[in-house]
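Here the protein sequences come in this chain order: B, E, S, L, X, C and W. Each residue of the first sequence is one higher than the one before, counting from 1 in the UniProt record's numbering. Each residue of the second sequence is one higher than the one before, counting from 1 in the UniProt record's numbering. Each residue of the third sequence is one higher than the one before, counting from 1 in the UniProt record's numbering. Each residue of the fourth sequence is one higher than the one before, counting from 1 in the UniProt record's numbering. Each residue of the fifth sequence is one higher than the one before, counting from 1 in the UniProt record's numbering. Each residue of the sixth sequence is one higher than the one before, counting from 1 in the UniProt record's numbering. Each residue of the seventh sequence is one higher than the one before, counting from 1 in the UniProt record's numbering. We put the beta carbon where it would ideally sit given N, CA and C, even for glycine. Keep in mind that this is a model prediction, so the values were computed, not measured.
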Amino acid sequence: MQGQAQQQAYDRGITIFSPDGRLYQVEYAREAVKRGTASIGVRTPEGVVLAADKRSRSPLMEPTSVEKIHKSDDHIGIASAGHVADARQLIDFARRQSQVNRLRYGEPIGIETLTKEVTDHIQQYTQVGGARPFGVALLIGGIENGTPRLYETDPSGTPYEWKAVSIGADRGDLQGFLEENYRDDLTLDEGIGLALRAIASTNDDEIEEGGVDVATISAETEAFVELDNDEISDYIAENELEPSEEDDETDEPAE
Amino acid sequence: MQGQAQQQAYDRGITIFSPDGRLYQVEYAREAVKRGTASIGVRTPEGVVLAADKRSRSPLMEPTSVEKIHKSDDHIGIASAGHVADARQLIDFARRQSQVNRLRYGEPIGIETLTKEVTDHIQQYTQVGGARPFGVALLIGGIENGTPRLYETDPSGTPYEWKAVSIGADRGDLQGFLEENYRDDLTLDEGIGLALRAIASTNDDEIEEGGVDVATISAETEAFVELDNDEISDYIAENELEPSEEDDETDEPAE
Amino acid sequence: MQGQAQQQAYDRGITIFSPDGRLYQVEYAREAVKRGTASIGVRTPEGVVLAADKRSRSPLMEPTSVEKIHKSDDHIGIASAGHVADARQLIDFARRQSQVNRLRYGEPIGIETLTKEVTDHIQQYTQVGGARPFGVALLIGGIENGTPRLYETDPSGTPYEWKAVSIGADRGDLQGFLEENYRDDLTLDEGIGLALRAIASTNDDEIEEGGVDVATISAETEAFVELDNDEISDYIAENELEPSEEDDETDEPAE
Amino acid sequence: MQGQAQQQAYDRGITIFSPDGRLYQVEYAREAVKRGTASIGVRTPEGVVLAADKRSRSPLMEPTSVEKIHKSDDHIGIASAGHVADARQLIDFARRQSQVNRLRYGEPIGIETLTKEVTDHIQQYTQVGGARPFGVALLIGGIENGTPRLYETDPSGTPYEWKAVSIGADRGDLQGFLEENYRDDLTLDEGIGLALRAIASTNDDEIEEGGVDVATISAETEAFVELDNDEISDYIAENELEPSEEDDETDEPAE
Amino acid sequence: MQGQAQQQAYDRGITIFSPDGRLYQVEYAREAVKRGTASIGVRTPEGVVLAADKRSRSPLMEPTSVEKIHKSDDHIGIASAGHVADARQLIDFARRQSQVNRLRYGEPIGIETLTKEVTDHIQQYTQVGGARPFGVALLIGGIENGTPRLYETDPSGTPYEWKAVSIGADRGDLQGFLEENYRDDLTLDEGIGLALRAIASTNDDEIEEGGVDVATISAETEAFVELDNDEISDYIAENELEPSEEDDETDEPAE
Amino acid sequence: MQGQAQQQAYDRGITIFSPDGRLYQVEYAREAVKRGTASIGVRTPEGVVLAADKRSRSPLMEPTSVEKIHKSDDHIGIASAGHVADARQLIDFARRQSQVNRLRYGEPIGIETLTKEVTDHIQQYTQVGGARPFGVALLIGGIENGTPRLYETDPSGTPYEWKAVSIGADRGDLQGFLEENYRDDLTLDEGIGLALRAIASTNDDEIEEGGVDVATISAETEAFVELDNDEISDYIAENELEPSEEDDETDEPAE
Amino acid sequence: MQGQAQQQAYDRGITIFSPDGRLYQVEYAREAVKRGTASIGVRTPEGVVLAADKRSRSPLMEPTSVEKIHKSDDHIGIASAGHVADARQLIDFARRQSQVNRLRYGEPIGIETLTKEVTDHIQQYTQVGGARPFGVALLIGGIENGTPRLYETDPSGTPYEWKAVSIGADRGDLQGFLEENYRDDLTLDEGIGLALRAIASTNDDEIEEGGVDVATISAETEAFVELDNDEISDYIAENELEPSEEDDETDEPAE
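Laid out in structure tokens, this is it:
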């Protein structure tokens, strides 16, 4: 009780440190990320895979409307987890930065550069008053000078580079799955399989139709490509992740 | 009691996350939406139907004054549910964006584009301090490159695309009704019937005169058209939704 | 007690939703409207009638100083109820909008257009921080393309169109009186009588001298005209609303 | 106790309505007015009389320094009651508006026009945050097109027109005195007498030397004139209001 | 206890009225004035005397560093009591206004004009949020058209004109002393004596060396002159105010 | 309990002193620094060594992504401890200042100059409202006119110059280790060894692979150089700090 | 308890007077000054001495990095006590003002002029909201027209001129020491000795090596000169203030 009352004193102010040096609003924004369904990134020598769990809600909702993977530039894709409307703001910001870079320097923006511009933007919302932090985490994947790169941004505005990573719900389990199954010499196809199997691992090893989005940025083409439903179905079948029978649960979207 | 007191601590600040990652003000704005009478959107291959429940209040009030369906552009209609004065702000915003698009690019704005400009505007009111969120949900329907599109915006600023959807009061029941009765091959006429039957389903399967507004955006004409009372009466009769006898209840408008 | 304490948590912040989706400050501003004496609007095919209850206060106060009916443009009148100083702000706003319309488009402003510009202005004060809502309701009546129109604005910024309507004190009773006695084919004279009888209905069916203001906007002349005391006395006599004997109560003005 | 605690919740915020639609800060500003000594205005067909009670404080204070009647323009005088420093701000505002009117239109400002510009200014301080209301009431008297006019402004920003009126301490008693003794056909001299007798009525029917300021704006000359001490003494003697013996009380000024 | 708790509710907000119409922050600023040692002004037909009690603190502090009398313009002096740093702000303001007047109109500023510009400046800090009132009172003395004038400003921003006045500590006693001993026909020398005797009256009728500052603005020369220590000693001797023996108390300065 | 409640009263406001003259938010920001893993700086006559503890987290995270040592200019390196996103802001600030100096003066910025520009920037965030302090400490090392310099910045904005210093976790122990083992005549190689041994001293005298970053700024070359993993391994081996067996703990990053 | 609770009500608001006319935040800033080690100023006919106690902290910290005496202009030095980062802001401000004066008037700034510009700057932070007061006191010493001057600024923004003064820890004892031992005819050398003996008086009459900074501004050269360690050692020896044996305590710096 004591501890609780004391905590309350510090977590209401947006930009205030607690006595033990924590920023509670940023930690609560991390909870908002956990409330969103998972997105997964896998980096292979052949390119980057982004996959997003988007379990069906209402059969009347257009599956494409639950966007969790976005093209930021020809050679960069971004997957999100958490507060959807916040994600849209950051993705718009990333797109603008990508365009500005092309206009100003006549060349595509680097993946690390873009990531850091995004995290700087996020950090401002954790230090200056008058706004709340962004309740979303992003995976930024792309090709830079022929090399696949995969970054994560969190609500504090810290950038991390990964070989394979999960954001959103069940991060603990998913990250464990990735650590066990990741190999440095995965093909892009194997990377897609790994991502799908990870997502299925939290759902009885099944993925329903339209239940995931998958995109790749190949090192060869340096192009962001979203897989269509048939391609995804092939990968699901190949990895034996088809649902057995029941398929009708309707989840509320995280907000 | 405990939990309640704790919740109070977080829901008073507009732009603050709760410890479990929720934005209470946005959730309360969703309650404001539920306080409004329902609006329904149905997408058919022949066009989009927007229908709004506007049960009579005082017999002296002009029924047309309870506007819930608005023309945003020649090819786009918007239906609202929730705080009426907030809806008017967003619809004005949508109209301005539509005009700007025509001026700047010489062509009608896309339905998805418009929806996202509206949701970006809504999101700002949930992150930056000094204002409250919008207490209203919108259905944005129209024709884009010959194809009917139907979107929903919610108070968090998230866009969703639907085949058929309900906003406002009784969303749970209405959405269930739509899921049971929607077919992908509905004609526009059948779409109007479905929308009216849905609205009637929460009112003893009856619709009083002047109790609904209906508008369509046909894929053929690409034009927003509001049905007049006679046309609506015909559809009500056709669908056997005429009220039996009593007709006099007076509801207070949601504010 | 519980409920009360909880309510207090939400009604102190100007622009904050309560858990059930209400804006308490707007609802309290509606109470400020109810504290003002009533104003009544009646729309007839021949024109619009505005009448305002202004029971005498001190015999030394100039009756004309308790302005509740104002000319907004040649063809538009506005009656108010509630916080007098707030009403003056909105009426000045309406006059400026009317003038701007004439300057910009070379024609008189439409009644609906003007009403919506006023309600948009009111809405801003309910969403953006740093100010309180307007504690006043308005009746905006006028002639548009030869047709009489009568609108109400409330503190939330919602516009309503009416055949006959009352704002301010005793709205429940007065609206009931109007619903019982309104006919669609009233002459302008009969409309004045209806308005006076409605006001008298809450005061032992009597109206003291100088106790009401009456103005009309005739469809024929399209001109706002304030009745002088003799004319009003004639209508009072005609409708048998003269006070019997005692006449001396002094009310405090609502602020 | 309950009611008191609840009231406290609403009266601390400057621009917030209470649940019953009141603005407590404005009502408290009215209390500041009551803390000031009274000022009185009397309108006669021959002109307007302004009189102010300024009972002596310290014998060392210059009586002229307790200004309560001010010239706003050649044809307009203003008397105040309440917070002295606030009064000075409003009177400066009125003088600037008077000058602007002469510069812009080449003619003296109307009394009603000036009053409404002042009350609009006052209203802003009751609606927009970041400042408190003005704790002062004014009497604005003058000649407009040959006709004497007398207005009151209160802390809410409402203008009232009066034949005779009192602001400040003892308003209830003084207004009663004026209602009993006012006649529509008073001469300007009789108006001065009425004002002095009213002030004396709350002080054993006596007025000490230097205890009142009196000014007139005559309909004939259209000029604001302050009476000198000898003239005032004559009126005091004429109305038999000389103090009998003791004369030495020292009041603290209201602030 | 009750009353105390209630008072606390109102005195924390800078610009808020209490239910009885008081501005507590202004009243507390008056307390800051009382915490400062006294300053005295005496107006005689031959000129104005300003005297300030500056009892010694540390023997190592330069007596001239405890400035309480300042030259504002050639013909104007200002004495202060209260918060020293605040006094410096207002005196700088007064000096700037004096210079502006000379530049703009080519003539020295009037004493009343200057006083009112200062009090308007003070008033702003009591009405507009974001700052506290000035915790200082001033005596502004000078010659205007050959006539000596003496004004006081208080923390509310009210100007008072005086023949003789005291600000700061012991005002009650000092003002009583002045009322008993002031004569309208004092010479400037006698005025200096009166001021010194007043200051001494609260200190066993003694003034230690360097314990007072004295300045005069003579009607003849229209020049502000600060007396040097020898001159002051002569006046002290002449008025028999030399300290008897002990001389060593060290007071803390008021801040 | 008493003391605790009292402390709470002062530590919530960002820019407020407590009664004993402390700024709690700054002290809590120091706690945020302690939550980060340690960074160490060692100054030798041959140059400056910066070393940072970055114990492995997930095997899938790119070790290079946990940046704790940054190049600020050719001749300046910066190591950080604490809130990572805050560190990035300050390092960007330092880089901009370095560039501005080169542009403006055509020469590299001095180490002390840069440090003070950074600490001035930090101080602003502790005095002016609307933001929180930076939750990070920096070590700024470089060569100025041939001489190695090593500075620390803390969250209050105070600069300190050191021969050898530790920031972040375990500062007490690490600083003790440095004081015991530092010699003024260390070679750069010995400085690297000292830094590594210090870091290992809090971890059973072991450093896992990829567990530290090391950079040097040599007095001879005046160039910031980051050691690659092989070089670091050599130093680890040379100092006998290889881990014995277990190597797999995964720490959560400090935020 | 009562009094304590009441005090808390007033000391949290930055710019608010307490009921007894005190500004608690300013008083708490004075406590921040007392938390800093002492600085001492001594004015002699031959010049001004500034001395600062900077007892050693860590043997690895550069003694020069604990700057407490700064050159503001060729002829002006400033010593500080209290919050180090705040001191740096004020000293930068003083340097800028000195430069501006040289540029604008082509001559060195006066000591009093500079002091008052600094105190005006400090005062603003005590009256206007949005920032806290400066938690530092300064000694400003220099030569003006050949005459040594020594000023103190405190957190309220009040300037004091002194012959000899101490700021920071132990002010009471140190000021007593100075009062007992100061003579008006000290040579500059004797002034240095007095300052050192004062500092030693609170530390068993010993000063460790590097434990003080000393600077002089000689009336002859009009130049600020910092003594080097050898010179200081000579003065320490001359005044028999060498430490006997133990020398190793490590104090935490005041922040």
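CB-CB under 6 angstroms to residue i, same chain, minus the five flanking residues each way: which ones, in chain order?
i: B/Asp222; result: Before going on, a small fix: residue 222 of chain B reads as Glu here, not Asp. Only His75 and Ile143 meet the Cβ criterion.
i: C/Gly110; result: Glu144
i: C/Val36; result: Per the sequence shown, the amino acid found at residue 36 of chain C is Gly instead of Val. Around C/Gly36: Ala81, Gly82, Gly168 and Ala254.
i: S/Val66; result: Lys54
i: B/Leu227; result: Val214
i: C/Arg30; result: Pro155
Count the other C-beta atoms from every protein chain shown that fall within 10 angstroms of the C-beta of residue i, then say buried if there are 16 or more, exposed otherwise.
i: S/Asp184; result: exposed
i: W/Pro133; result: buried
i: X/Leu174; result: buried
i: X/Gly146; result: exposed
i: E/Leu138; result: buried
i: C/Ala237; result: exposed
i: B/Gln4; result: With a pLDDT of 39 at B/Gln4, under the threshold of 50, the predicted position of this residue should be treated as unreliable, and no value is reported.
i: X/Gly106; result: exposed
In chain L, which residues lie less than 7 angstroms from residue i when you measure between Cβ atoms?
i: S/Ser58; result: Gln175 and Glu179
Mind listing the chain L neighbours of residue i? Cutoff is C-beta to C-beta under 9 angstroms, in chain order.
i: S/Gly130; result: Thr15, Val128, Gly129 and Gly130
List the residues of chain E that residue i touches, going by C-beta distances under 8 angstroms, in chain order.
i: B/Ser65; result: Tyr151, Pro159, Tyr160, Glu161 and Trp162
i: B/Gln25; result: Ile16 and Phe17
i: S/Thr119; result: Ala85 and Arg88
Excluding sequence positions up to five away, which residues of its chain have a Cβ less than 8 angstroms from the Cβ of residue i?
i: S/Asn181; result: Leu194, Arg197 and Ala198
i: B/Gln89; result: Phe134
What residues from chain W crowd round residue i, counting only those whose CB sits closer than 8 angstroms?
i: X/Val100; result: By Cβ distance, chain W contributes nothing, its closest Cβ being about 18 angstroms from X/Val100, past 8 angstroms.
Would the beta-carbon of residue i fall within 7 angstroms of that of residue j?
i: X/Ala52; j: X/Ser72; result: no
i: W/Pro148; j: W/Val26; result: no
i: X/Val118; j: X/Thr153; result: yes
How would you list, in chain order, the residues of chain X whose beta-carbon sits under 9 angstroms from the beta-carbon of residue i?
i: L/Glu31; result: Phe17, Ser18, Pro19, Asp20, Gly21 and Arg22
How would you list, in chain order, the residues of chain C whose beta-carbon sits under 8 angstroms from the beta-carbon of residue i?
i: W/Lys34; result: Gly21
i: B/Tyr182; result: Leu60
i: W/Gly172; result: Under the 8 angstroms cutoff, chain C gives no residues; its nearest Cβ is about 16 angstroms from W/Gly172.
Starting from residue i, find everything on chain L with Cβ-Cβ shorter than 8 angstroms and list it in chain order.
i: X/Ser156; result: His83, Val84, Ala85 and Glu255
Short of 7 angstroms in beta carbon distance, which residues of its chain neighbour residue i, apart from the five on each side in sequence? Order them along the chain.
i: X/Gly191; result: Val42, Thr44 and Val49
Would you mind telling me which residues of chain S sit closer than 9 angstroms to residue i, beta carbon to beta carbon, in chain order?
i: E/Gln123; result: Result: empty, since nearest Cβ-Cβ is about 15 angstroms, beyond 9 angstroms.
Inspect the CB distances between the segment 208-226 of chain S and the segment 36-49 of chain S and report whether three or more fall short of 8 angstroms.
-> yes
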